[in-house]
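A.B. asks: Note that the sequence shown covers residues 14 to 292 in this note's numbering. Note that CB positions come from ideal geometry on N, CA and C, so glycine has one too. This structure is in structure tokens; I'll ask about it shortly.
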Amino acid sequence: MFEVLAIMCYYHKIKEFVFMAFLENIGRLAIKFIKSFTDIIYFAGKVLFRIFNRNTYNSAMRTVLLDQIYFTSVQILPIFLIVSIIFGSLLIGVLFLQLKQLGLTQYFGNLLMGFIVTEFSPFITVLLITLRSGSAINTEMAVMKVNKEMSALEAFHIDVINYLLVPRVINGVISIVLLSTLFSVALLGSGILFSSLIFGMSMDAYSNILLNSANFSDIVIALLKSIVFGFFIILIPVRFGLQASHELTSIPIVVSRGMVNVFAAIMTIEVLSLIIKLF
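Following this line, the structure appears as structure tokens:
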């Protein structure tokens, strides 16, 4: 009898220990998330202040900004156009066929403007730019920190935020807005071809449907979402890159953390934009 009671007491203690450990892990993760979130918001505020400060825009900063735009938007343009046309044609073709088979052709315009242009284009664009430029900038910042290049710039009284960070963040905003618009144009261009093949629709009818389905508020939300996307997919990798120590082994750690947080931010922004559209 006493052995049974001892076993039961031991079992309850184990359950209590596991439960407390579970709560402790949740609390630790919550504290870590809050610290990371507040750090990003504080850092974003510092960068925004510099962006809207006229003294930031000297000749050196403008040169870096142009170089970043060339690296992010111009170099990727041929591949981006090919991907946009091929992927856009496949997507539009499949969606139009499904609309025709389900007898939902009346939602043709809503699908194009409400989903393709305002939701799908910014999301795919930000994923492509994040995979290419976000990871590259994250690694670049970490390598510069390890090689003590940041300290060298500060020794020459060069403002690191103005010279390195602000141009990259502005470039992110410009690149996402422009490439997202280009992706939407490629999708709508594919829609002209497939609307004619599948629905027998003329170009004038296609244009009228798009104009009638266009919602100004949706376009504004899509534009604002692209701006926020561009801001944070560069800001977060930069911030985590700067957290590298002076050891080479810290580079893959901060890069992986930065990219995980970037994708978490992308999903958060996407969900928030959908919630805003509902209201």
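Given Ile-205, which residues of its chain have a CB within under 8 angstroms of its CB, disregarding the five upstream and five downstream residues?
C.D. replies: Taking the sequence shown and counting its residues from 1, the one referred to as residue 205 is at position 192. Around Ile-205: Met-216 and Tyr-219.
A.B. asks: Jot down the residue ranges of each uninterrupted alpha helix (DSSP H) in the segment 108-148, minimum 4 residues, whole runs only, in chain order.
C.D. replies: Runs found: 134-142.
A.B. asks: Among residues of its own chain, excluding the 5 on either side of Thr-203, which ones have a beta-carbon nearer than 6 angstroms to its beta-carbon?
C.D. replies: What you label residue 203 is simply residue 190 of the sequence shown in a count that begins at 1. Per the sequence shown, residue 203 should be read as Ser rather than Thr. For Ser-203, where only same-chain residues beyond five positions count, the Cβ hits under 6 angstroms are Gly-101, Ser-102 and Ile-105.
A.B. asks: Taking the beta carbon of Val-284 as the centre, do at least 16 other beta carbons fall within 10 Å, making it buried, or is it exposed?
C.D. replies: Within the sequence shown, the letter at position 271 stands for residue 284. With fewer than 16 Cβ atoms within 10 Å of its Cβ, Val-284 is classed as exposed.
A.B. asks: In its own chain, which residues sit with a C-beta less than 6 angstroms from the C-beta of Gln-81, not counting the 5 before and 5 after it?
C.D. replies: Here residue 81 is taken as the residue at index 68 of the sequence shown, counted from 1. Closer than 6 angstroms at the Cβ level, and outside the excluded window around Gln-81, lie Pro-180, Arg-181 and Asn-184.
A.B. asks: Look up Tyr-55 in the DSSP assignment and say whether it is helix, strand or coil.
C.D. replies: The sequence position of residue 55 within the sequence shown is 42, counting from 1. Here Tyr-55 sits in helix by DSSP.
A.B. asks: Are the beta-carbon atoms belonging to Phe-196 and Phe-109 less than 8 angstroms from one another?
C.D. replies: Position 183 of the sequence shown, counting from 1, holds the residue named residue 196. Position 96 of the sequence shown, counting from 1, holds the residue named residue 109. No, the Cβ-Cβ distance between Phe-196 and Phe-109 is not below 8 angstroms.
A.B. asks: Given a cut-off of 8 angstroms on the beta-carbon distance, is the pair Leu-178 and Val-87 in contact?
C.D. replies: On the sequence shown, position 165 is the one that residue 178 refers to. On the sequence shown, position 74 is the one that residue 87 refers to. Not a contact, by the Cβ cut-off of 8 angstroms.
A.B. asks: To which residues of the same chain is Lys-113 closer than 8 angstroms at the C-beta, ignoring the five residues directly before and after it?
C.D. replies: What you label residue 113 is simply residue 100 of the sequence shown in a count that begins at 1. For Lys-113, where only same-chain residues beyond five positions count, the Cβ hits under 8 angstroms are Ile-211 and Phe-212.
A.B. asks: Confirm, please, whether the CB-CB distance from Ile-246 to Ile-279 is below 8 angstroms.
C.D. replies: Stepping through the sequence shown from its first residue, residue 279 is reached at position 266. Stepping through the sequence shown from its first residue, residue 246 is reached at position 233. A contact, by the Cβ cut-off of 8 angstroms.
A.B. asks: In the DSSP assignment, the alpha helix (DSSP H) including Leu-195 goes from what residue to what residue?
C.D. replies: In the sequence shown, residue 195 corresponds to position 182, counting from 1. From DSSP, the alpha helix (DSSP H) with Leu-195 extends over 179-212.
A.B. asks: Closest by CA to Arg-270, which one among Lys-158, Met-163 and Thr-152?
C.D. replies: Walking along the sequence shown from the start, residue 270 turns up at place 257. Closest by alpha carbon: Thr-152.
A.B. asks: What is the residue span of the alpha helix (DSSP H) that Asp-172 lies within?
C.D. replies: As a position in the sequence shown, residue 172 is number 159, starting the count at 1. Run containing Asp-172: none; DSSP gives neither H nor E here.
A.B. asks: Pick out whichever of Pro-135, Gly-243 and Ile-189 has its Cα sitting closest to the Cα of Leu-200.
C.D. replies: Residue mapping note: residue 200 aligns to position 187 of the sequence shown, counting from 1. Leu-200 has its Cα closest to that of Pro-135, out of Pro-135, Gly-243 and Ile-189.
A.B. asks: Along the alpha helix (DSSP H) that carries Tyr-219, what are the first and last residues, could you check?
C.D. replies: Locating residue 219 in the sequence shown gives position 206, counting from the first residue. Taken as a continuous stretch (DSSP letters only), the alpha helix (DSSP H) holding Tyr-219 covers 216-226.
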